[in-house]
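In the working numbering, the protein residues as written are 8 to 262.
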Ligand code: 13P
């Protein structure tokens, strides 16, 4: 069985001092939690301080994005080796806000995934359909394209280590989460495609987590679905006690 994976994506919230205060409290709350991989993704500016505050704890730090080149004249960009040195161990790639607001495509996702692996960062690759696409019954086609093009060229071993976040765009920040059945259906489809395109073993190892309006009161039902191996939590991860609840409830549901 896959270890539940729960990550908090803070998006553009929290300063350095907010982040340090949160991590100091959070690491105390989760110190005895076993059997869940716990990750926090602060903004770039707070990664180093958050990683220092989380040192020798069971909380890992992620970046929310990265650029694929190691260094160069790319004003405003941050590379995977820079994140690694700052203390990040994970990186979110291809979040729908990056795709819709900042022009990310499956091709850029693909380059970033390769660069993350090359630098030793563990990527969390985001996919998911918009409301229009769901209403036109295009969900599976969209997921297929995002998987095929976004993960193109990754090795079986890399797929086995990958975390894929299924985040239906219509469920992000709307308070309208996918129903457990909708999440299970999409995750089942993704797992099937990974089996077909990369083989049964990497497909079995790959973590498929759900994101979109996850809260303490819906996490249990979501993670008890087959193929839902955890969650990528936005708004509800900003509150340290609420996120702790999500972590503990996901563990109870998964055992
Ligand atoms: P919300 O949990 O705020 O809906 O955000 C989900 C998300 O985008 C996580 O990456």
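Every residue, glycine too, gets a C-beta built ideally from N, C-alpha and C.
* What are the boundary residues of the beta strand (DSSP E) that residue 12 is part of? -> 12-16
* Between residue 66 and the rest of its own chain, which residues show a CB-CB distance below 8 Å, the 5 nearest in sequence each way excluded? -> 30, 33, 34, 37, 45, 46 and 47
* Would the beta-carbon of residue 239 be found less than 7 Å away from any heavy atom of ligand 1? -> yes
* Is there at least one non-hydrogen atom of ligand 1 closer than 7 Å to the beta-carbon of residue 242? -> yes
* To do: Give the C-beta separation of residue 174 and residue 213 to the nearest angstrom, bearing in mind that I take them to be a contact with Cβ-Cβ under 8 Å.
  => Contact flag wrong, Cβ pair sits at about 16 Å.
* Return the residue from the list 119, 123, 131 and 103 that minimises the CA-CA distance to residue 149. => 103
* **Identified DSSP bridge partners for residue 98** => 70 and 130
* Taking the continuous alpha helix (DSSP H) assigned at residue 122, which residues delimit it? -> 113-125
* To do: Using 7 Å as the cut-off, classify the Cβ of residue 101 as near or not near the heavy atoms of ligand 1, replying yes or no.
  => no
* **Whole alpha helix (DSSP H) elements within the region 135-178, 4-residue minimum** => 138-142, 146-157 and 163-168
* Asked: What does a CB cutoff of less than 6 Å around residue 117 pick up in its chain, not counting 5 residues either side in sequence?
  -> 157 and 159
* Are the beta-carbon atoms of residue 235 and residue 196 separated by less than 8 Å? -> no
* In the DSSP assignment, find the unbroken beta strand (DSSP E) run with residue 218 in it and report its ends. => 214-218
* **Opposing strand residues paired with residue 237 [DSSP bridges]** => 12
* Asked: Helix, strand or coil: how does DSSP classify residue 208 here?
  -> helix
* Asked: With distances taken from CA atoms, which of 39, 62 and 189 is nearest residue 229?
  -> 189
* To do: Tell me, to the nearest whole angstrom, how far the beta carbon of residue 239 is from that of residue 216; I am working on the premise that it is less than 8 Å.
  => 5 Å
* **Check: residue 225 C-beta below 7 Å from any heavy atom of ligand 1** => no
* Comparing the CB of residue 179 with every heavy atom of ligand 1, is any distance shorter than 7 Å? -> yes
* **Three-state secondary structure assigned by DSSP to residue 104** => helix
* For residue 44: DSSP bridge partner residues -> 12
* Asked: Could you give the distance in angstroms between the alpha-carbon of residue 49 and the alpha-carbon of residue 246?
  -> 13 Å
* Could you please give the first and the last residue of the uninterrupted alpha helix (DSSP H) stretch that includes residue 52? => 51-60
* CB-CB length for residue 260 against residue 231, believed under 8 Å -> 5 Å
* Asked: Whose CA, out of 154, 97, 82 and 58, lies closest to the CA of residue 14?
  -> 97
* Along the alpha helix (DSSP H) that carries residue 19, what are the first and last residues, could you check? => Run containing residue 19: none; DSSP gives neither H nor E here.
* Environment of residue 73 [buried if 16+ CB atoms lie within 10 Å] -> buried
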